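With mature numbering (1 follows the signal peptide of the UniProt record, and there is no 0) as the guide, the letters of the sequence shown map in order to residues -26 to -1, 1 to 248. Please read the structure below before turning to the comments.
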Amino acid sequence: MDNKSLRFSSILIALIIVFYAPFAIAQEVDDESEFTYDVNSPNGPDHWGEIHPEWSMCNQGDLQSPIDLTHKRVQTTSNLGRLDRDYKPANSTLINRGHDMMLRFVGGAGHIHINGTEYQLNQLHWHTPTEHTINGRRFNLELHMVHESTNGKIAVVGIMYKIGRPNSLLSMMEPFFKALASTRDVEKSVGIIDPRKIKIGSRKYYRYIGSLTTPPCYQNVIWTIVKKVRTISRAQVHAIRKAVHDEAEANARPIQPLNNRWLKLYRPDDHQNY
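Right, here's the structure in full:
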């Protein structure tokens, strides 16, 4: 290969890397066997950024998640507007990624709108206990609804749960959790799932800019955490823990510094009609 051809090939490769990098980095890791949530492990949360160069943001980023939703720092506002959801039923598959169960939507499951941008709902997964805390309090489970825009931007809606009445979605999912408990990286079809049945129960929500809570810890993720804490049964928490980590290991990243970020609480004005 002559110098001219070599130079052209180098430029082409560089352009490909530049074009695809934002999309690659925006994705959570599907194979979670390379890291752990054990704080005493060399692959634990404090060392995620050392495992791969592309994971360096886990240690170096200043917009990391999760955070404590402390009322001392929160700014109450009605200007954010209601959480604009437009979901629809879609085919889905379930995969045991090693540290969590992920429900992936196949085809369009609808979207949310934030600041004029449309974010498509791609997948759901669960963390036990919750990753975010409210005034230092950690609850039993947190659902993450992960959305992505056409240009690779991420928006996550988080819903927290405490022990109480069973959750209808998890009641339906329990047989699939059991079926995948002894497998990893195998996708199982679970049929049609309607994300509209995921109840929020409150118009109030927290909003801040953060990151993915697993490697590569990509930043500038728009987080929306529903203020109302929903309920889940103790048996359901037991079932999901048993499926992904034998009831022993939590899959919640430690709280990260807020640094100088704003933290807002949306509360509609009394005259707003939703």
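Just so you know, even glycine gets a beta-carbon here, dropped at the ideal spot from N, CA and C. The structure presented is a predicted model; accordingly, all values stated were derived computationally and were not measured.
(message) Which runs of the beta strand (DSSP E) at least 3 residues long sit entirely within the segment 39 to 98? Give them in chain order.
(response) 48 to 51, 58 to 61, 64 to 70, 75 to 80 and 84 to 88
(message) If I follow the unbroken alpha helix (DSSP H) through N225, where does it start and stop?
(response) Taken as a continuous stretch (DSSP letters only), N225 belongs to no alpha helix (DSSP H), as it is neither H nor E.
(message) Let's see if you can read the secondary structure: which residues bound the beta strand (DSSP E) around S176?
(response) Run containing S176: none; DSSP gives neither H nor E here.
(message) Since Q94 and H101 should fall inside the 8 Å C-beta cutoff, what is the C-beta to C-beta distance between them, to a whole number of angstroms?
(response) The Cβ separation is near 22 Å, so there is no contact.
(message) Using only CA atoms, which one of T91, N53, D42 and F9 lies nearest to I196?
(response) T91
(message) By the DSSP assignment, the alpha helix (DSSP H) with G23 in it spans what residues?
(response) W22 to I25
(message) Going by beta-carbon coordinates alone, are I41 and M119 separated by less than 9 Å?
(response) no
(request) Would you mind giving the Cβ-Cβ distance between V218 and F113, rounded to the nearest angstrom? I have them listed as a contact below 8 Å. (result) Contact flag wrong, Cβ pair sits at about 18 Å.
(request) Assign P16 to one of two classes, buried (16 or more other C-beta atoms within 10 Å of its C-beta) or exposed (fewer than that). (result) exposed
(message) Using C-beta distances below 6 Å, list every residue in its chain close to I138, excluding the 5 sequence neighbours before and after it, in chain order.
(response) It should be pointed out that residue 138 corresponds to Gly in this sequence rather than to Ile. Around G138: T205.
(request) Work out the CA separation of W29 and P190 for me, nearest whole Å. (result) Distance between the alpha carbons of P190 and W29: 4 Å.
(request) Within its chain, find whatever has a CB closer than 6 Å to the CB of L239; leave out the 5 residues flanking it on each side and keep chain order. (result) If we look at L239 and ignore the five residues flanking it on each side, its Cβ neighbours are V48, T50 and Y180.
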